[in-house]
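Worksheet: the structure to be examined is printed underneath.
Here it is as structure tokens:
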């Protein structure tokens, strides 16, 4: 069996284990897992940009915001998306996120490196500004409460049912994104990450590649927003604020950029610390900040690189000692 | 909406811009010299306010609070740069993430030390009056803010343009590799500029604390506004930071007064457009 196949099997087994174990725990854990999975879709969409295309976006929350506000406004004002038309809202969320990304991408894709970071930050703040101030549409600082979760044959108000639905969306997103990064298109993205000039010389339209990746990421961000709105039951400017974008970026790096599934690990660790550890100890933020700082300093490949590190350490245990001595 | 409205709003915008200049100039210099997107800059602003509060509570002296807060936060910045950022080498993403990690740590530390309650910094009575100029009631404190920003701006400009140190800093901004080549200790310059940036942000925190307040969350509210200043003005440019601060201060004030529903949008959309057209900002060098 190839190493890739082992990895895929491991992910499938992990998902199956999650599907079996989580519902038998208490409702707090189920909610936490649902949140982590919904947010992970956003983190994975960012990883598509960060890990595979080499574009670090600091405004990814904008796409979650579009999906979430779309869902909340349609549900609260027009009662749309609470029955079978939930699927219509899912589609709208994906297209909304992709459309916004198509617009923003026109401005952002020209930039690279730090400038890309800054411009995505500015674009994300535009969306936040509208969410925060446009009271008549977004409810301003108070946000919008969703009436209830959709009901279509199955009732998503049931937390286990909803958990399975979000898990299914997560698995589908992972599958689609995995297919994308394995496709020739995905390979060219990695080529752009490694050396854009070389890809240009080889005749690739690198701008278009990056633009498409940006739009795809926006679409998944929108999907994540639709699910997030129903998970939380409320949508507020908090969902599109700079710190949410920063969170997504940190989760992607914490899990391991360029791994996709690292996103769910990063999201789980952060949400666990923030939502669970914070109920136990008041100094939880030291743990969170400490984890970030330590991982960035000592584990640039993220948590997903630990197995690889262990393997290398076991294969060549003498090597680190030599490099340490030669320094 | 008569002339008075425009005058008062302009005055408010300019005085807010003065505060933004303190925050933005430091961020701009840090970016120019080190190419670091410092996401803990808002934390320096907030910490400046908190340290000043502690000094005021224990000594009662507002005048003493300003230098103590500024120097304390400058030292924090200096240690952060030496111990954590410098060894990281040149990797923008990891630097950015590291500064966020620190922003979280500072947030928690501030919660632990100064609790989550909102505070106000009370300036001396002489500064809380209003003066009447041409029939307009102008708060002395806002005039004071403009004065401080002017004094700092002129001092910085003189140092940057007229001294040897300033010349080495400008050389580092323009081309760090070349600067190293001609024997400039760019590592020392980086340390100096990072500490100076933290100092200016903290100064802004103390002075801004009197009318913005000092409360948890102010750090990440201030951060994007400071970035707007830097980006509009151009990264690494002092004059740019001054003009950027003025534009953002006025845009923010008039935006909130005239089109409240889209006020932040009117602030950040130009920022995105400027970046898209000219990534180095209006006055930044290529």
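Residue numbers (the working numbering), protein chains in the order written: chain Y, 1 to 327; chain E, 1001 to 1286.
By construction, the Cβ of each residue, glycine as well, lies at the ideal position given by its N, Cα and C atoms.
Query	Result
Name, going along the chain, the residues of the region 289–301 of chain Y whose beta-carbon falls closer than 9 Å to a beta-carbon of chain E.	289, 290, 291, 292, 293, 294, 295, 296, 297, 300
Considering Cα atoms alone, identify which of E/1061, E/1050, E/1280, E/1106 is closest to residue 968 of chain E.	For residue 968 of chain E there is no data in the structure shown, the boundaries of chain E being 1001 and 1286.
Per DSSP, which residues does residue 151 of chain Y bridge with? Please list them.	Y/155
Can you list, in chain order, the residues of its chain whose CB lies under 6 Å from that of residue 144 of chain Y, leaving out five sequence neighbours each side?	72, 76, 235
Excluding the 5 residues flanking residue 230 of chain Y on each side, which residues of the same chain have their C-beta closer than 8 Å to its C-beta?	71, 146, 149, 150, 156, 162
Go ahead and pull the three-state DSSP assignment for residue 1138 of chain E.	strand
What's the gap between the Cα of residue 326 of chain Y and the Cα of residue 168 of chain Y?	Residue placement at residue 326 of chain Y is poorly supported in this model, since its pLDDT is 39, which falls under 50; the coordinates still yield a value, given next. C-alpha separation (whole angstroms): 50 Å.
At a Cβ threshold of 8 Å, is residue 309 of chain Y touching chain E?	no
Check whether the Cβ atoms of residue 59 of chain Y and residue 138 of chain Y lie closer than 8 Å to each other.	no
Restricting to Cα atoms, I'd like to know which of E/1068, E/1106, E/1091 is closest to residue 113 of chain Y.	E/1091
In whole angstroms, what separates the C-alpha of residue 1020 of chain E from that of residue 1234 of chain E?	14 Å
How big is the Cα-Cα spacing for residue 175 of chain Y and residue 44 of chain Y?	11 Å
Give me the DSSP bridge partner(s) of residue 1119 of chain E.	E/1214
Going along chain E, which residues have a C-beta under 7 Å from residue 285 of chain Y?	1104, 1107, 1108
Determine the direct distance from the alpha carbon of residue 1275 of chain E to that of residue 8 of chain Y, and round the result to whole angstroms.	41 Å
Using alpha carbons as the reference points, say which of Y/108, Y/173, Y/208, Y/221 lies closest to residue 189 of chain Y.	Y/208
Quick one: does residue 1231 of chain E have its CB under 8 Å from some CB of chain Y?	yes
Between residue 1020 of chain E and chain Y, is there a C-beta pair that is closer than 8 Å?	no
What's the gap between the Cα of residue 106 of chain Y and the Cα of residue 211 of chain Y?	8 Å
Please identify, using Cβ separations under 8 Å, the residues of the region 1222–1246 of chain E that lie next to chain Y, in order along the chain.	1223, 1224, 1227, 1228, 1231
Start and end of the beta strand (DSSP E) containing residue 1130 of chain E?	1130–1133
If you draw a straight line from the alpha carbon of residue 313 of chain Y to that of residue 306 of chain Y, how long is it in whole angstroms?	10 Å
Quick check on this structure: which residue in E/1094, E/1017, E/1156, E/1200 has the alpha carbon closest to the alpha carbon of residue 1077 of chain E?	E/1200
Run down chain Y in chain order and give the residues with a C-beta less than 8 Å from the C-beta of residue 1271 of chain E.	122, 125
Spell out whether any CB of chain Y is found under 8 Å from the CB atom of residue 1081 of chain E.	no
Which residue or residues does DSSP assign as beta-bridge partners of residue 293 of chain Y?	According to DSSP, which records beta bridges pairwise, residue 293 of chain Y is partnered with nothing at all.
Relative to the alpha-carbon of residue 232 of chain Y, which residue among Y/248, Y/159, Y/96 has its alpha-carbon at the smallest distance?	Y/159
Is there a C-beta anywhere in chain E that falls below 8 Å from the one on residue 276 of chain Y?	no
Ends of the alpha helix (DSSP H) at residue 54 of chain Y?	It is not in any alpha helix (DSSP H) - residue 54 of chain Y carries neither H nor E in the DSSP assignment.
With a 10 Å radius around its C-beta and 16 neighbouring C-beta atoms as the bar for buried, classify residue 1151 of chain E as buried or exposed.	exposed
With distances taken between CB atoms, is the gap from residue 97 of chain Y to residue 218 of chain Y smaller than 8 Å?	yes
Which partner residues of residue 329 of chain Y appear in the DSSP bridge assignment?	Past the boundaries of the shown model lies residue 329 of chain Y; chain Y is included only from 1 to 327, so the question cannot be answered.
Given that residue 244 of chain Y touches chain E, what residues does it touch there, using C-beta distances under 9 Å?	Those do not exist, as residue 244 of chain Y stays about 10 Å from chain E at its closest Cβ, beyond 9 Å.
Give the DSSP-derived three-state secondary structure of residue 173 of chain Y in the structure shown.	helix
Within the 8 Å Cβ cut-off, does residue 1276 of chain E reach chain Y?	yes
Can you tell me whether residue 141 of chain Y is buried or exposed, with buried defined as 16 or more other CB within 10 angstroms of its CB?	exposed
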